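Chemist: Before anything else, here's the structure in question.
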Amino acid sequence: MKAKKWRSRLALLMAFVLGTAMLATVPVTYAEGDNLLADGGFESALVAGDAPGYDHTQVTTGSWVNVCWCEPFTDIKAEGNSSLKICYSYNGLCTDRDFPGVYQDIEVEPNSVYTLSFWALRVGSEGTPLYVGFRDPNSDDVWNNIEQHTLEVTDLTDNFQKFSVQLKTGDLDQIRVYFYCTGQGAEEFRGFYIDNADLSLDVEATAAGLADAKEAAKAALSSYVSLDDYREAEQAKVSAAIAAGQAAIDAAADVRAVNQALADAKAVIDEIKTDAELTAEAALPPLLAR
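Next comes the structure, spelled out in structure tokens:
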């Protein structure tokens, strides 16, 4: 019974390897260079997220949402007709739990690396930093920062400069890209202007991340058990399961598939009895042994 179950699991793992290998032969099309952000030049009106009762837990794609103190501004821009103006809030928080800023919800590929680039300048020599990053719009806490980068006031000048940061999506297939600043404790105007925001897939970094995940998974599988703990017949089964698992990991097209291949291989190995387990079974009465 036990051997039949093990053979069934190993057969499923081998089927996964073959199926994944066949899929891997199909060229993968990456949209490197495509800007996933709508209105990256901030030419259109913002969604009025600062309106009373606005629900920030809803997913909003295709446009920027104004949390507060933001607007397209025509007098200062890198190019086009306008840029985004983010004003400092004199008393810090503006609405709900967040600060002056905007966000946009974007569909992305899980376990991938994206580059967020933009042009920015500051007005005023004092104040708090400009924060850039993303949140999970489907989280129980939509204000929680998943990944955040900080541009200090000294990093910016009164002229537009280009900045770029990398965003790693992890398991998320949707992210909320944001720009915001905090309170300043002064009444005179201070703020930031942002233009030409662009979010695009970084194919090279994503591929490197997948390669690293595969190496880590194969190392974890190789050290999962010690062959010395098994009898000769079971050692052959463990070796076969490891080989099949390694092949499935190599054939995986993304990190999620890598993790699944590792889990499947471990499940097969867990069904193989060690020498200690077989010895203990042999000492049991025949009706209790399995």
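Counting from 1, one number per residue, gives the positions in the sequence shown under this note's numbering. The C-beta atom is built at its ideal place from N, Cα and C for all residues, glycine as well. Keep in mind that this is a model prediction, so the values were computed, not measured.
1) Taking buried to mean at least 16 other C-beta atoms within 10 Å of its own C-beta, is Phe202 buried or exposed?
2) Where do the N-terminal and C-terminal ends of the alpha helix (DSSP H) with Asn259 fall, by residue?
3) With DSSP collapsed to three states, give me the class of Thr29.
4) Roughly how many angstroms separate the alpha carbons of Asn196 and Ala267, rounded to a whole number?
5) Verify whether the separation of the beta carbon atoms of Val258 and Ala213 is less than 7 Å.
6) If contact is defined by three or more beta carbon pairs under 8 Å, each pair taking one atom from either stretch, is the region 128-141 in contact with the region 171-183?
7) Which of the three DSSP states is assigned to Ser139 in this structure?
8) Starting from the C-beta of Thr274, find all residues in its chain whose C-beta is less than 6 Å away, skip the five residues before and the five after it, and write them out in chain order.
9) Could you name the residues of the same chain whose beta carbon sits closer than 7 Å to that of Asp250, not counting the 5 residues immediately before and after it, in chain order?
10) Compute the Euclidean distance between the alpha carbons of Ala24 and Lys218, then round it to the nearest angstrom.
11) Going by beta carbon distance, what residues of the same chain come within less than 7 Å of Met22, once the five residues before and after it are set aside?
12) For Trp59, count neighbouring C-beta atoms within 10 Å of its own C-beta (all shown protein chains included) and say buried if the count is 16 or more, exposed if not.
13) Can you say whether Glu232 is buried or exposed, counting buried as having 16 or more other CB atoms within 10 angstroms of its CB?
14) Express the C-alpha separation of Leu227 and Phe118 in angstroms, rounding to a whole number.
15) Would you verify that the beta carbon of Asn145 is, or is not, closer than 7 Å to some beta carbon of chain C?
16) If we call anything under 7 Å between Cβ atoms a contact, is Leu46 one with Trp64?
17) Between Val26 and Asn111, what straight-line distance do the alpha-carbon atoms span, to the nearest angstrom?
18) Taking the DSSP output, what are the residues bridged to Asn338?
19) Enumerated in chain order, which unbroken segments of the alpha helix (DSSP H) with a length of 4 residues or greater are wholly contained in the region 147-229?
20) DSSP state of Ser83, grouped into three classes?
Modeler: To lay it out plainly:
1) Within the sequence shown, numbered from 1, the residue matching residue 202 stands at position 202. Sequence check: residue 202 is Asp here, not Phe. Buried, since its Cβ has 16 or more Cβ neighbours within 10 Å.
2) Locating residue 259 in the sequence shown gives position 259, where the first residue counts as 1. Taken as a continuous stretch (DSSP letters only), the alpha helix (DSSP H) holding Asn259 covers 255-270.
3) Translated into the one-based positions of the sequence shown, residue 29 becomes position 29. Note that Thr29 scores 42 on pLDDT, short of 50, meaning its location in the model is unreliable; the coordinates nonetheless yield the value given after this. Correct three-state label for Thr29: coil.
4) For the purposes of this step, residue 196 is taken as the residue at position 196 of the sequence shown. For the purposes of this step, residue 267 is taken as the residue at position 267 of the sequence shown. Asn196 and Ala267: Cα-Cα distance of roughly 49 Å.
5) Within the sequence shown, residue 258 is the residue found at index 258, counting from 1. Within the sequence shown, residue 213 is the residue found at index 213, counting from 1. Yes, they are a contact pair.
6) yes
7) The count along the sequence shown starts at 1 and reaches residue 139 at position 139. In this structure, Ser139 counts as coil in the three-state DSSP scheme.
8) Here residue 274 corresponds to residue number 274 of the sequence shown, with the count starting at 1. If we look at Thr274 and ignore the five residues flanking it on each side, its Cβ neighbours are Asp229, Tyr230.
9) In the sequence shown, residue 250 corresponds to position 250, counting from 1. Answer for Asp250: Lys214, listed in chain order.
10) For the purposes of this step, residue 24 is taken as the residue at position 24 of the sequence shown. For the purposes of this step, residue 218 is taken as the residue at position 218 of the sequence shown. With a pLDDT of 41 at Ala24, under the threshold of 50, the modelled position of this residue cannot be trusted; read the value that follows with caution. Distance between the alpha carbons of Ala24 and Lys218: 18 Å.
11) Within the sequence shown, numbered from 1, the residue matching residue 22 stands at position 22. Here the model assigns Met22 a pLDDT of 39, short of 50, so the residue's position is not dependable, and the following value carries that caveat. Excluding sequence neighbours, Met22 sits near nothing in its chain.
12) The residue labelled residue 59 in the question sits at position 59 within the sequence shown. The question names Trp, but residue 59 in the sequence shown is Val. Per the 10 Å Cβ criterion, exposed.
13) The residue you call residue 232 lines up with position 232 of the sequence shown. Label assigned to Glu232: exposed.
14) Sequence index remark: in the sequence shown, residue 118 carries index 118 (1-based). Sequence index remark: in the sequence shown, residue 227 carries index 227 (1-based). Straight-line Cα distance between these residues: approximately 54 Å.
15) The displayed structure is made up of one protein chain only, and chain C is not part of it.
16) Locating residue 46 in the sequence shown gives position 46, where the first residue counts as 1. Locating residue 64 in the sequence shown gives position 64, where the first residue counts as 1. In contact: Leu46 and Trp64 (Cβ atoms closer than 7 Å).
17) Looking up residue 26 in the sequence shown gives position 26. Looking up residue 111 in the sequence shown gives position 111. Residue placement at Val26 is poorly supported in this model, since its pLDDT is 35, which falls under 50; the coordinates still yield a value, given next. Val26 and Asn111: Cα-Cα distance of roughly 20 Å.
18) Since the first residue shown for the chain is 1 and the last is 290, residue 338 is missing from the structure and cannot be characterised.
19) 203-222
20) Walking along the sequence shown from the start, residue 83 turns up at place 83. Here Ser83 sits in strand by DSSP.
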